[in-house]
Structures are given as C-alpha cells and as structure tokens.
Amino acid sequence: QANAGLIAHYDMEQRADRTHQLVDSSPTGYGLTTWDDTAHGSANAATPVPGVVGNALQFSGNHTYRAFGDIPADLTGAQNFTVSCWAKIEPTAPTWKSMFGTYYSGGGWMMAFTGSPQLYITGGNVGASESINDGEWHHVVATMDNTTNPPLLRAAIYVDGLLSNTATGVAPSAPVADFAVGGWPYAYHPTMFEGTLDEIQIYDEALDEFEILAQYESGALRICDSAANAEPACEQTCEEVSDAVIAALCDSFVICGPPSNVDKLNGVATAVAQIALANTELCAGTGDDDCLAFILSQLQ
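Using my numbering, read the sequence shown as starting at 12 and increasing by one per residue.
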C-alpha cells in the first residue's frame, strides 16, 4: 500500500478556522502557515477552487505557505523519498517557478515548473519530457532512492502515472530553508508559482512504478453518490466539464475524472462508463491503451 510510508499530506482543503494555514492531514501533522513579506508576497491565502479531490488551491504568484522554525527531518529528503502532487497550469503561466520544496543554496530539494516538472536536488536535477502547462490536471511524482553506499541519488520523475526520466547524482544535503508550498520565497531570487495544486503527498520511501500508477489512477477517477445527493465539492468539480468527465445516470453514480485519461470527441470529453443501478460491480477500462482497469462497486 502506497500510504504505508506517508509522512505528509496537504489536501488543500482550506478550513474555515485556518484560512492562512495548510493542514497536514497525515498523522505527523506538519502544518504550514502563510508567509508575510512585503517585498515578495503577502499573508493572503491562496484561492480555493475545485480540485482533483474536493478543493485545490490556486496560486497567483504572491502566496506562499511555509513551515516556520526547524524543518522536520522527515521532509529533508536525506533518505529514500517520494513527493507527489496534482498540478493544473495554464499555457500563459510563467516558467522556472517552485511549486514546493526546501531547496536553498544547494541544500534540500525543490519540485519546480519549467514548462515541464523538474526535481532540483544538490548537484543537479531530473526533468520530465512532457509539458504540463495545458490547463489540464496532471499527476507529477518524483522519487529519490539513496540506498547505495556511498550515498548516490537515483532520482526518477513520473507524469500521469508513467515514468518520464531518470538521473543519478549526489543525495540532497540538509536544507537551510523551511519547507514551502507555492513558491521559493527567499530574498535575492524569489520564484513564486502561478497555478493550481492539489493533494501534495510526501513519503519516506521510494514508491515503485506500480504504486505510482495506482496513485494516479485513484485520483484520475472519482465516484460520488447520485447527482441529487452528491457532496458539494465533488458535484462542483463534476460540473466543470472542461476539467472533468461526467457520467451521471438516473439514481445511480456520478463518476468524475480528468479528461487526460479518456478519449475525446471534437474536444468534448466522453463518458468514462455507464453503470446501471442494478449492477453491483463493473470493470471498465480507464481510456488508455495499457489494458489496466478499475473496479467500481455500487454505493450502498
């Protein structure tokens, strides 16, 4: 199970009593607080918008959340490590921006957007070949495997469940900067992110390709109750046809998923599956060519 090594999970669900905080929903509880700097940002919270799961946060280039004080050792990337997120970036968004990380003066690590996702680490980086600034949701994962002796970093980056690139370099040294989400807010060269992020997860292990694909598939398809009884956040997401695929059947299921993993006809996303209320189980393809499938069980 991919959740076994989960040490931080920022689900981007803004709490009414914590509008200036990112809450870590994992048991470790590494919460973040908005950073206030009149030169490079403000303490204004990012904007909640419909996301892959519930809400996401939209960053406009002047919002950063960071952990104040000593950064927990779990987040430094000094051991085996995986970081993942869902990102939605418009074609006009500026590039060479930090999405999240701890990188500063050669220490730590940073997940950055340069037109494609890049993982920056001590002594180098590994970048994906795929561009992700097309206004659609993309799942981005970077793994770091430091099991060799002396420590050598074997890094890999995945986009939408598939391996994109690998690199070998020096393992990250301890960062001198706090963990930050939404930008790299440090004085001489701030790189504030413009785009939408959801479901940032950090693991203390290098997930394998099967776990990463399963994580992508679980986020790429979401099941709500019937349309009349759907949770508001999911129903709102389903209504954005440009960002999600909808299959709504009478007194049955509402199925939402980003259009990147299904066929489109003339630019309009097609339904993922049709499920009759009498069915108790359905096995349906995900729309790609890898012959993988998902199982849907009837909601009770």
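Note that CB positions come from ideal geometry on N, CA and C, so glycine has one too.
Buried or exposed (CB count within 10 angstroms, at least 16 for buried), residue i
i, result
"HIS92", "The sequence given here places Phe at residue 92; His does not occur at that position. Classification of PHE92: buried, given that the 10 Å Cβ count is 16 or more."
"VAL252", "Reliability of the predicted coordinates at VAL252 is poor, the pLDDT of 36 falling under 50, and no value is obtained from them."
"SER127", "buried"
"PHE221", "exposed"
"GLY194", "buried"
"ASP219", "exposed"
"GLY40", "exposed"
"PRO61", "buried"
"ASN71", "Just to set this straight, residue 71 is Ser in the shown sequence, not Asn. It counts as exposed."
"TRP148", "buried"
"THR179", "exposed"
"THR154", "buried"
"LEU288", "Caution is warranted here: a pLDDT of 38 is assigned to LEU288, below 50, making its placement in the model unreliable, and the coordinate value is therefore given only provisionally. Classification for LEU288: exposed."
"THR113", "buried"
"SER140", "exposed"
"THR202", "buried"
"THR177", "exposed"
"TYR131", "buried"
Span of the beta strand (DSSP E), counted from its first residue to its last, around residue i
i, result
"TRP97", "92–99"
"GLY112", "108–112"
"GLU205", "205–214"
"LEU17", "17–21"
"VAL60", "58–61"
"SER71", "66–71"
"ILE132", "128–132"
"THR154", "148–156"
"ALA123", "120–124"
Assumed close pair residue i, residue j - CB separation to whole angstroms, cut-off 8 Å
i, j, result
"LYS108", "ALA98", "The pair is not a contact, with the Cβ atoms about 11 Å apart (cut-off 8 Å)."
"GLN312", "ASN66", "Residue numbering for the chain in the displayed model covers 12 to 311; residue 312 lies beyond these limits and cannot be assessed."
"CYS96", "GLU205", "Contact doesn't hold; Cβ gap of about 15 Å is too wide."
"LEU17", "SER37", "5 Å"
"GLN212", "ALA19", "7 Å"
"LEU208", "MET23", "7 Å"
"GLU228", "GLY172", "7 Å"
"GLY230", "VAL64", "7 Å"
"ALA166", "VAL137", "4 Å"
"ASN157", "GLN90", "6 Å"
So, do the segment 134–147 and the segment 102–111 have three or more beta carbon pairs nearer to each other than 8 Å?
-> yes
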